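Chains as they are written, first to last, in our numbering: chain A, 1 to 326; chain B, 327 to 652; chain C, 653 to 978; chain D, 979 to 1304.
Virtual Cβ for every residue (Gly too), placed ideally from N, Cα, C.
Values in this document were obtained by computation on a predicted structure and should not be read as measured data.
Notes follow once the structure below has been shown.
4 protein chains.
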Amino acid sequence: MNSDIAQLVSVALYSPKPDESVAFFHSLLGMEISHREGQSVYLRAYEDFYQYTLKITEAAEPGLEEITWRASSPEALERRVKAIEAAGLGSGWTDQDYGHGRAYQFGTPDGHRMKLLWELDYFHAPPELKSKLRNRPSKRPLRGVPVRRIDHVNLMVSDVPQNRRFMTETLDFRLREQKIGDGGVEVGAWLSVSALVHEAALMRDATGARGRFHHVAYWYGAPQHLLDIADIFSERDVLIEGGPAKHGTTQAYFLYCFEPGGNRVELFGDTGYLIFDPEWQTVVWDVANEVDLEKSSIWFGGQLPRSFYRYGTPVVPGHGLVEIGR
Amino acid sequence: MNSDIAQLVSVALYSPKPDESVAFFHSLLGMEISHREGQSVYLRAYEDFYQYTLKITEAAEPGLEEITWRASSPEALERRVKAIEAAGLGSGWTDQDYGHGRAYQFGTPDGHRMKLLWELDYFHAPPELKSKLRNRPSKRPLRGVPVRRIDHVNLMVSDVPQNRRFMTETLDFRLREQKIGDGGVEVGAWLSVSALVHEAALMRDATGARGRFHHVAYWYGAPQHLLDIADIFSERDVLIEGGPAKHGTTQAYFLYCFEPGGNRVELFGDTGYLIFDPEWQTVVWDVANEVDLEKSSIWFGGQLPRSFYRYGTPVVPGHGLVEIGR
Amino acid sequence: MNSDIAQLVSVALYSPKPDESVAFFHSLLGMEISHREGQSVYLRAYEDFYQYTLKITEAAEPGLEEITWRASSPEALERRVKAIEAAGLGSGWTDQDYGHGRAYQFGTPDGHRMKLLWELDYFHAPPELKSKLRNRPSKRPLRGVPVRRIDHVNLMVSDVPQNRRFMTETLDFRLREQKIGDGGVEVGAWLSVSALVHEAALMRDATGARGRFHHVAYWYGAPQHLLDIADIFSERDVLIEGGPAKHGTTQAYFLYCFEPGGNRVELFGDTGYLIFDPEWQTVVWDVANEVDLEKSSIWFGGQLPRSFYRYGTPVVPGHGLVEIGR
Amino acid sequence: MNSDIAQLVSVALYSPKPDESVAFFHSLLGMEISHREGQSVYLRAYEDFYQYTLKITEAAEPGLEEITWRASSPEALERRVKAIEAAGLGSGWTDQDYGHGRAYQFGTPDGHRMKLLWELDYFHAPPELKSKLRNRPSKRPLRGVPVRRIDHVNLMVSDVPQNRRFMTETLDFRLREQKIGDGGVEVGAWLSVSALVHEAALMRDATGARGRFHHVAYWYGAPQHLLDIADIFSERDVLIEGGPAKHGTTQAYFLYCFEPGGNRVELFGDTGYLIFDPEWQTVVWDVANEVDLEKSSIWFGGQLPRSFYRYGTPVVPGHGLVEIGR
């Protein structure tokens, strides 16, 4: 897959309960704390190669601070910056964040904050975290059910086609799967820059709000680990929204839950399927059709509740988990 | 990963027992037969998108007929053909094989036959094989423990550096992992054109022979399936050479066996790890060092027998499975 | 566990679509057909040691024909027959069924037909089914996702305490778990004669009907196999009622589906937990309490639909799957 | 299964490195420390119902202190004590150990110390360990890959038939499986008092020594957990002797390792198969026959090294792991 973007680097989230949020990712999902600075804590999964993939910052409301992408080369970075500027969505260069070099900031049409960069810091394990596996950046932790690496991000948008076009035309993503609903309205898009079916998904915000965050996903790679973490969540009052179950779209074996700050987190039990075909034709699910509607969301394993389509962060008044009926 | 090659399309093997070979892939590994022509049978796994990924042809000896790669674009195909011609290893264009358009044939320095193409036929499921999963090219079969897709190919070579340079410089692969043995001799190389750690591996042929075939690998994605197929193999006299166990290199959870024609087949129980970093630094295992020697081959799960390094197809006299002590 | 009953031997079901029912158990669940006689087909899982564990007989309506139990010894058989006769529920001896010796027939207070015996026929594999595992009565099949052995039976009853007392006092089962609902009404009972948490469960029939059948369960032992069979069911129009998910009661990782004749079948993904304590205190779930209500049915993995409590076989008019909303 | 013995309660081991031994069971296998007293630490797995199942006591050499069994009833206890006394192997009553009531001490013919009792203390979870699963005695821990319960014990004996007869005739075990070697010599016996294939195994000590300990086994129930713990062991210098692999005898999916004190520990990845048949015929493996020899030890997954048959605790001079070649 030849794209000017190489990968998802990290997701920065706001949490009104930062200590509890960090404890969730550290103790239950086994993530390592790389750094603390100001009101922020930086974490990584044990097979994440860079300095961090998650940043938790204290704030009054949960939600997305920023998503960081890495370009495929210095030249690709320049090309994308020009495209973003041409689209009128750029905010200029910054070099202020921990673990990253110079980065270009911008927003999606819906207003989600993003950053694109080439230079960044690799994680170098201190002796006590060093693995004997030369291709593993740090030892498998002994806490909780440890996730292996960041996988993707999902954004709620007020207008799927507009934001999807920004992702494909301006950012050079490929459209891998798509859901078309009643009246031909595009309600979901799965986009990627690699063999993964998605590093980014866009779904229509059923509340009509703009620029909200749906979830960040971390990857396990073994289906059993979803059963293990679900067992732990049920025992420790972590709310599971859906799963363990299998999506039709992406074929992911998934579990959705909420971290204590209120942001949704997805855990990914296997790889789904991978795309190597350079002429990939977008898989289109016609969700006005009942079979596609049912099979695309849940291939097996129960149902996704109403909250899945209405709850995002920050929370829209009247659409909190309690009001939706969770 | 921006490479002029997009993916491994198919592997063509010779078998002295073609009916038994086809029965092995069809009944035990659940592959579908797409086509029969002359002395050849074409098969695919249920999540392979093209017309076939395996071709079995009757011959006096087992071994490799040909490996087919797909370029990233028509332009990429032209670039690579020029590079191959410049290397003096090209054999010219052909359009004679089933399911493929015009293709350029060539050999590796060691003499393994390969083919590069852009045009090829997709598999279109007949109604009885059509899946309700729009991203799955055909229904999950009810036979054996069905593999999901082709994963990679492993070649034995007389000279690793020479063949590895051909793969990276002429074919545009990236070197992901490497084993360096006594005296700094390179004894293994793992190469890829996507997020997979390898679509091709090269390993030194301990017999000194040239151009032999080590194995083709099919992917399951769920560790349990290696236990299932191992149970079936043990019950039905299929010789398991190693595994289920986990390699250090690539982190694959693997099983090696022999199909009835004598060619080695690997089954891949999970995804190992994936590479998204555009500046990936080759992971180097120093197998003159005892820890690396042990951990790179087998991270856990027993040992690889002598045959793993000496048995390939065609068989070198004196190095058949019986002589090696299997 | 010292009980006069040793184990569940077999379940005999009626099916209005016997050919399709047999095809379901044979092709998808990989069971072997042991025998055909009159309108009946006899099947076994590949690790069932006796001649059959399932009998399918053609009839106008789905439902239970009979459940067969084996006593712990000839003396235990005599003791239980006396107890059944004393309870006024016996129907006398028979020696007419295939694969069984002399058996004593009786009914539960609710009218479910049962049979108790000592003598029965073991399965002796013909050469083509013989396993190299001396503790496995026949080879692991290559069809579908093969179940390993019969596990338990679940009966809907009009009055749980009455039927539960019959099971414990007359048949010598132990009460392992229990659900108590509003007003102290017992709504569910899990009973066993071995380390299993249950070979028999009783649940209150929400329709008030008597003597209906809820489900028979077959055992996989590996959680992945529930994902595998769910994938196959979703692709082939087999209705999944609930799961793969984990019950709180028994801690079973389960999936419920309907065989084509309309009877419910449970597949058991692991062993749950086992009971070895000779003084086991019944685990009591207070389902008038909200936490227990939720956690006992589903520890994780979605919800059980209304049909789970109202649909049984034979079907009560107005409570078919369509009317219930499946 | 009607036996005068109900279950294995606990195993007490000596360790020359008690702190490291306890850390191994606590941090890697997730066991809870119930109690400390003198030079001893008492531990339990999170689904063990009694106060402890493992006792580690400091001593100069590793090895077995004692195995504790629970009788099926107070009367069964009396019957067995009489039988043991009649066999001349009793040592009298004691009520001195933590968590146990009055117990009768004795030795096997080979000299392994054992204890039989009826009264003992149940574990009652403090609030912070209390599970919402009413059938789970304490929360699933967040440390390592937590084992669920004690499973069985394996003893090395100088004379299998003599010790096996003591187990069946004096202690009321049933002989489930058996290995017969050259010249009809019995080299292994698997014995149980429940549906498990074994709570006790006896294997011939190839060094000819008497009364040594081979291993204690803890149960996971999910095959993936053996891969998880193997990954952790490989990273942290815990020596894996064999597996993850599947035995033919018992059909267990196993892993053998050594705790830091030198005692062998088995981890059990699934349930193998269960025995409910009251007339069970001992499964006899003829290990003078090559197929049975190979298939009984390892059904799939590599080989068991020489140490498996020669290394036990306490260590026989000349047969330590280093001398044997590990």
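Three-state secondary structure (DSSP) of residue i
i, result
"residue 577/B", "helix"
"residue 74/A", "helix"
"residue 1003/D", "helix"
"residue 819/C", "helix"
"residue 1059/D", "helix"
"residue 1139/D", "helix"
"residue 298/A", "coil"
"residue 1269/D", "helix"
"residue 511/B", "coil"
"residue 310/A", "helix"
"residue 664/C", "strand"
"residue 880/C", "helix"
"residue 322/A", "helix"
"residue 371/B", "coil"
"residue 268/A", "strand"
Buried/exposed call for residue i, threshold 16 Cβ in 10 Å
i, result
"residue 958/C", "exposed"
"residue 1100/D", "exposed"
"residue 951/C", "buried"
"residue 51/A", "buried"
"residue 841/C", "buried"
"residue 829/C", "buried"
"residue 1113/D", "buried"
"residue 831/C", "buried"
"residue 911/C", "buried"
"residue 1115/D", "buried"
Selected residue, minimal CA-CA separation from residue i, among the options
i, options, result
"residue 765/C", "922/C, 805/C, 728/C", "805/C"
"residue 777/C", "684/C, 960/C, 771/C, 834/C", "684/C"
"residue 937/C", "946/C, 712/C, 930/C, 929/C", "946/C"
"residue 642/B", "614/B, 537/B, 580/B, 556/B", "537/B"
"residue 807/C", "687/C, 789/C, 680/C, 718/C", "718/C"
"residue 648/B", "565/B, 600/B, 573/B, 617/B", "565/B"
"residue 665/C", "701/C, 699/C, 659/C, 711/C", "711/C"
"residue 248/A", "230/A, 302/A, 93/A", "302/A"
"residue 622/B", "579/B, 607/B, 645/B", "579/B"
"residue 772/C", "838/C, 865/C, 748/C", "748/C"
"residue 1176/D", "928/C, 654/C, 729/C", "928/C"
"residue 865/C", "795/C, 668/C, 741/C, 809/C", "809/C"
"residue 1046/D", "1034/D, 1056/D, 1067/D, 1078/D", "1078/D"
"residue 943/C", "867/C, 860/C, 883/C, 833/C", "833/C"
Beta-carbon proximity of residue i to residue j, cut-off 8 Å
i, j, result
"residue 1184/D", "residue 1288/D", "yes"
"residue 1003/D", "residue 1032/D", "yes"
"residue 262/A", "residue 20/A", "no"
"residue 491/B", "residue 528/B", "no"
"residue 1049/D", "residue 982/D", "yes"
"residue 1039/D", "residue 1292/D", "yes"
"residue 1173/D", "residue 697/C", "no"
"residue 28/A", "residue 34/A", "no"
For the 8 Å Cβ check, are there 3 or more pairs between the segment 231-238 of chain A and the segment 1103-1115 of chain D?
-> Yes, the segment 231-238 of chain A is in contact with the segment 1103-1115 of chain D.
If you pair each beta-carbon of the segment 920-928 of chain C with each one of the segment 862-878 of chain C, do three or more pairs fall below 8 Å?
-> Between the segment 920-928 of chain C and the segment 862-878 of chain C, the count of C-beta pairs closer than 8 Å reaches three or more; the two stretches touch.
For the segment 788-807 of chain C against the segment 867-874 of chain C, are there 3 or more C-beta pairs whose distance is under 8 Å?
-> In short, these stretches touch, since the Cβ pair count reaches three.
Touch check for the segment 424-444 of chain B and the segment 486-506 of chain B: three-plus C-beta pairs under 8 Å?
-> The answer is yes - the segment 486-506 of chain B touches the segment 424-444 of chain B, with three or more Cβ pairs under 8 Å.
At least three beta-carbon pairs within less than 8 Å, the segment 35-46 of chain A to the segment 583-593 of chain B | Taking 8 Å as the limit for Cβ pairs, the verdict is that the segment 583-593 of chain B does not touch the segment 35-46 of chain A.
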